[in-house]
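See below for the structure under consideration.
In the numbering used here, the protein residues as written are 143 to 510.
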């Protein structure tokens, strides 16, 4: 029994991934202990934020870093910082930035919905999103011509949610930004390499703490010290309602330490074994077909993609998904491609016995 079953909620089998919808990740004993210990003592929060920034930067190669309650909050703090440049009179009026340089240029295929619209995160920080190009093609001129005296930054979103074809690459966006003396922000919330994007020339990179790191609910932005200082000051402005607690910060720092020493090759191998099991077993269920796929954004994440064999069954994939979610335990799959007849299973969050339970439940559904 989980603590959630104790209060009357169903157990969840997570084959969706490290997603906010399901609480992102589970905590290791070490991370949980660090969070509890952090919550049991007092500290000057500003000192902790500054010290945490120094420690995080050891893992990222950034000049400094700013902790946040999540990656979305880190985006808001970053945008507010770039608009206000830490000036109190501007901070006090945000997110109202009328009359100020406040535009954030991003490619149209990067203006995504990830549980909330990316544009909303920019607006919360006082930013005005400017979408360059079209949803399936952006050329350098689209971005160049979107830049004007009101532009404060360019944003590149590295995510499986983004349109993958026809978009400009990071290097091109970096070169355009720097040619115009503008910072390039990269939203790399779910990415697993915490040094890569700064090394590529980004000025600010945003990460989630609770995704690849499997930390407490948290996030951070890392990069150029001047910009990070602007972001930190927002805790005296729009950052106040999105502040992170001391326990969250300590859990994040412990997770970073653990992640540095994690055997990621072993983790990928174990996940591939689960995917292969799911593919083999589900392909043995009359009416279903399954193949192994890789994450759309190119990460070393592999999933099993389930479709209905229409020559054998008239079941609708939407009905299969509905029945999986209606059961006890609830089985949550990835549904980004449900309208195309595809249901994806991500093995990373699965617990012992989950993959067998999923196969058993699919057998029941297809017999019904």
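The C-beta atom is built at its ideal place from N, Cα and C for all residues, glycine as well.
Since this is a predicted model, take the numbers as computed values, not measurements.
Where residue i falls, given that 16 or more other Cβ within 10 Å makes a residue buried
| i | result |
| --- | --- |
| residue 329 | buried |
| residue 490 | buried |
| residue 374 | buried |
| residue 403 | exposed |
| residue 426 | exposed |
| residue 252 | buried |
| residue 273 | buried |
| residue 229 | exposed |
| residue 463 | buried |
| residue 488 | buried |
| residue 577 | Nothing can be reported for residue 577, as the shown portion of the chain is limited to 143 through 510. |
| residue 300 | buried |
| residue 246 | buried |
| residue 186 | exposed |
| residue 240 | exposed |
Residue i in three-state terms, based on DSSP
| i | result |
| --- | --- |
| residue 383 | helix |
| residue 242 | coil |
| residue 196 | helix |
| residue 274 | strand |
| residue 167 | coil |
| residue 346 | strand |
| residue 358 | coil |
| residue 151 | coil |
| residue 304 | coil |
| residue 501 | helix |
| residue 279 | strand |
| residue 214 | helix |
| residue 484 | coil |
| residue 226 | helix |
| residue 178 | helix |
| residue 206 | strand |
| residue 219 | helix |
| residue 533 | Not covered by the structure: residue 533. The range shown for the chain is 143 to 510. |
| residue 319 | helix |
C-alpha gap between residue i and residue j, whole angstroms
| i | j | result |
| --- | --- | --- |
| residue 264 | residue 509 | 48 Å |
| residue 157 | residue 441 | 17 Å |
| residue 291 | residue 243 | 7 Å |
| residue 286 | residue 318 | 7 Å |
| residue 429 | residue 267 | 49 Å |
| residue 461 | residue 310 | 38 Å |
| residue 500 | residue 197 | 41 Å |
| residue 363 | residue 250 | 23 Å |
| residue 459 | residue 423 | 18 Å |
| residue 387 | residue 352 | 14 Å |
| residue 505 | residue 444 | 23 Å |
| residue 478 | residue 167 | 20 Å |
| residue 179 | residue 358 | 13 Å |
| residue 306 | residue 315 | 15 Å |
| residue 485 | residue 154 | 17 Å |
| residue 383 | residue 188 | 16 Å |
| residue 209 | residue 455 | 51 Å |
| residue 164 | residue 410 | 22 Å |
| residue 502 | residue 420 | 11 Å |
| residue 191 | residue 367 | 14 Å |
| residue 334 | residue 279 | 27 Å |
First through last residue of the beta strand (DSSP E) which encompasses residue i
| i | result |
| --- | --- |
| residue 156 | 154-157 |
| residue 184 | Counting along the chain, residue 184 falls outside any beta strand (DSSP E), and DSSP gives it neither H nor E. |
| residue 353 | Note, residue 353: premise wrong, no beta strand (DSSP E); not H, not E. |
| residue 327 | 326-329 |
For residue i, the first and last residue of its enclosing alpha helix (DSSP H)
| i | result |
| --- | --- |
| residue 416 | 406-424 |
| residue 369 | 367-375 |
| residue 147 | 145-148 |
| residue 446 | It is not in any alpha helix (DSSP H) - residue 446 instead sits in the beta strand (DSSP E) that spans 444-450. |
| residue 338 | 338-341 |
| residue 477 | That residue, residue 477, is in no alpha helix (DSSP H); it is neither H nor E in DSSP. |
CB-CB length for residue i against residue j, believed under 8 Å
| i | j | result |
| --- | --- | --- |
| residue 350 | residue 390 | Wrong, their Cβ atoms sit about 12 Å apart, outside the cutoff. |
| residue 214 | residue 261 | Contact flag wrong, Cβ pair sits at about 12 Å. |
| residue 370 | residue 207 | 6 Å |
| residue 380 | residue 304 | That belief does not hold up - the Cβ atoms of residue 380 and residue 304 are roughly 26 Å apart, past 8 Å. |
| residue 434 | residue 446 | 6 Å |
| residue 395 | residue 194 | 6 Å |
Near the ligand ADP: residue i beta-carbon under 7 Å from a heavy atom
| i | result |
| --- | --- |
| residue 436 | No copy of the ligand ADP appears in this structure; indeed no ligand is present at all. |
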